[in-house]
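Colleague: Under mature numbering (1 follows the signal peptide of the UniProt record, and there is no 0), the letters of the sequence shown match residues -19 to -1, 1 to 471, in that order.
Backbone N, C-alpha and C fix where the C-beta goes; we use that ideal spot for every residue, glycine too.
Source: prediction; values computed, not measured.
The structure that follows is given in the form of structure tokens.
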Amino acid sequence: MKKKLISLILAILSVLAVAAGCADKAENPDKSHNSSSKSTDTANAYDPGLPDDFSCNGYDFVILNSNQNEIAGILNDIFIEYSDDLDSLSEAMYKRNRYVEETYAAKLSELTDASGVIISKVNDSFMSGTDDYSLVNVIGNLVYTMANDGLLYNLNRLDHVDLTKPWWTKGSIEGYSMNGLLYYAASDLTICDDEGTAVVMYNKTVAADHKLETPDEMYDLVAAGGWTWEKMFASAKKVGEGGDNGDSQLNDGDRFGIIAMDWSYIGMMISAGERFSVKDEDDFLHINFNSKSFVDTLDTLVRYTKQKRTFLCPVYDGKFSEDAFRNDNALMIIQVTAHIRNSRGMESDFAVLPMPKYKEGQEFYHSYCPRVTYVGVPSTVTETGYVGGILEALTAKSGEIVIPEYLNVALSERFMRDEGSKRMVQYIFGHTVYDPLVSSLCWDTVFGAFSSMVKSRSNMVVNVYNKYGSYINEQIEKSADCYRKLANEQ
């Protein structure tokens, strides 16, 4: 998830194996926390750069972490209790924590709760002037309010933290900074953003039944830059048109082209290279979903998704479920990476693909990261040297041992069906997009509006802007004012 490390070079080479000869530059995965840290390199590449005599003298590093039920089972673990039956991923996390505790004389502990409760706890600490917590991991649509209220520490100024290192996610740093300040970000400390990144899963059995491309042919198509909206919906239409089981009802007995989530319009627009928000030269945010390019692209998407049995959403279209993909009733499903784990028992093989490009000329494949959790440091922290050093050490060690375990074992060996999918996921993690309007600031409003468009299969973006534009702009300006004030207090 920067580029000068040997580990990044190795990661680039791993993706070049997929994208050799690709004219659209798909060979440059740069997530900045994953593109390098997913590689296998020496420990020196993950040296946090702390002084040789750095010691926290038994400092209690207290983590406030969000419950996983807030993010639909996506993994966001940090603290792990030891047991004899830990899986390999949990064991890697446990080893990371113990290494940092023993190396730097720190003591880690964790409290889990709903994000709203976490915010209340940090606010109480702030109001009473007590240093109670060292780190928070809070869901995106709430963590930004903590920044606005001055409850978080500017990560750009936290002792020992180097945000240019490969274990910090460059896309999130660029997306969530404002006025040169950064109060929360994604990193290798958790796999939450990786787990929550959009992917396309492609059913091998359904593809073969309809004489469509094999997984290997799909990987070649991706590498050649030809995995586009047009190709996706043409294949989906072919399955959908021949998928009626004869009962004249829309149900699990039919075959569908694409099973989609209620956030799929957002994911598809991101994949097309469109953005819901943009930054100006002063690092302030502006609405972009009312631009002509965005509206025209959304028109195209709506036309594609109106085709019968081509694009169906379980949340809205009823009488079938996500199991339609697992049961060979759908060619594709648009989901997050965590869904790969949930498909372990699926009998048919499947390929994992990036979200498609809008057109072949597009430079990269882009994948949307919906609402997940992000780390921040409470502004009440007094021992900034201890906290920054521990945070940097934990995050670097994660890049060294946790992220490779997640990609190479937890995902690849246990859940994915071939090496091609592993290479695709490496690429996907290298091109994750963190757009504040659909992952943090005003997420509730924008997500709800575009989710409704999935339900109606219509382009209501003009109506959405007319209805919510003033409110969203007010929230953006409110955040901007807060960040201006915070900048003056630095």
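Using a Cβ-Cβ cutoff of less than 7 Å, which residues in the same chain neighbour Arg465 once the five nearest sequence positions on both sides are dropped?
Modeller: Asn160
Colleague: Would you check if the distance between the CB atom of Ile209 and the CB atom of Lys340 is smaller than 7 Å?
Modeller: The question names Ile, but residue 209 in the sequence shown is Thr. Contact: yes.
Colleague: Run the CB neighbour count on His267, radius 10 Å, all protein chains shown included, and call it buried at 16 or more, exposed below.
Modeller: With a 10 Å radius around the Cβ and a threshold of 16 neighbouring Cβ atoms, His267 comes out exposed.
Colleague: Rounded to the nearest angstrom, how far is the Cβ of Ser348 from that of Thr178, given a contact under 8 Å?
Modeller: Their Cβ separation, rounded to whole angstroms, is 5 Å, which keeps Ser348 and Thr178 in contact under 8 Å.
Colleague: Smallest Cα separation from Asp66: which of Asp58, Tyr75, Ile59?
Modeller: Tyr75
Colleague: At what residue ranges does the segment 315 to 361 contain a whole run of the beta strand (DSSP E), taking only runs of 3 or more?
Modeller: Runs of the beta strand (DSSP E) inside the segment 315 to 361: 331 to 334, 354 to 357.
Colleague: Tell whether a beta-carbon distance below 7 Å holds between Pro32 and Glu373.
Modeller: no
Colleague: Count the other CB atoms within 10 Å of the CB of Thr363; is the residue buried (16 or more) or exposed (fewer)?
Modeller: exposed
Colleague: Let me see if you follow: with CB-CB separation under 7 Å, is Asn118 close to chain B or not?
Modeller: The structure shown contains no chain B; it is built from a single protein chain.
Colleague: What does the Cβ neighbour count give for Asp143, buried or exposed, with the cut at 16 atoms within 10 Å?
Modeller: Flag for Asp143 reads exposed.
Colleague: The alpha helix (DSSP H) that contains Gly429, what's its start and end?
Modeller: 424 to 437
Colleague: Is Ser272 a contact residue of the ligand SAH, with contact defined as CB to any heavy atom under 6 Å?
Modeller: For the structure depicted, the ligand SAH is absent and the ligand set is empty, with no information on it obtainable.
Colleague: Could you please give the first and the last residue of the uninterrupted beta strand (DSSP E) stretch that includes Asn118?
Modeller: 116 to 120
Colleague: Please name the residue in Ala128, Ala73, Glu255, Ala189 whose C-alpha comes closest to that of Pro385.
Modeller: Ala73
Colleague: Buried or exposed for Lys6, please, with buried defined as at least 16 other CB atoms from any protein chain shown within 10 angstroms of its CB.
Modeller: Unreliable placement is indicated for Lys6, whose pLDDT of 32 sits below 50; the coordinate value is still reported in the next sentence. So Lys6 counts as exposed.
Colleague: Could you say which of Tyr85, Ser420, Tyr27 lies nearest to Ile120 if we only look at CA atoms?
Modeller: Ser420
Colleague: Can you name the residues that DSSP bridges to Trp149?
Modeller: Ser168
Colleague: For Asp261, which of Ile314, Ser158, Ile247 has the nearest alpha-carbon?
Modeller: The candidate whose alpha carbon is nearest that of Asp261 is Ser158.
Colleague: How long is the line joining the alpha carbons of Ser393 and Phe107, rounded to whole angstroms?
Modeller: 43 Å
Colleague: With H, G and I counted as helix, E and B as strand and the rest as coil, what does DSSP make of Tyr446?
Modeller: The answer is helix: DSSP assigns Tyr446 an H, G or I state.
Colleague: Where does Asp94 fall in DSSP's three states?
Modeller: strand
Colleague: Do Ser302 and Thr186 have their beta-carbon atoms positioned less than 7 Å apart in this structure?
Modeller: no
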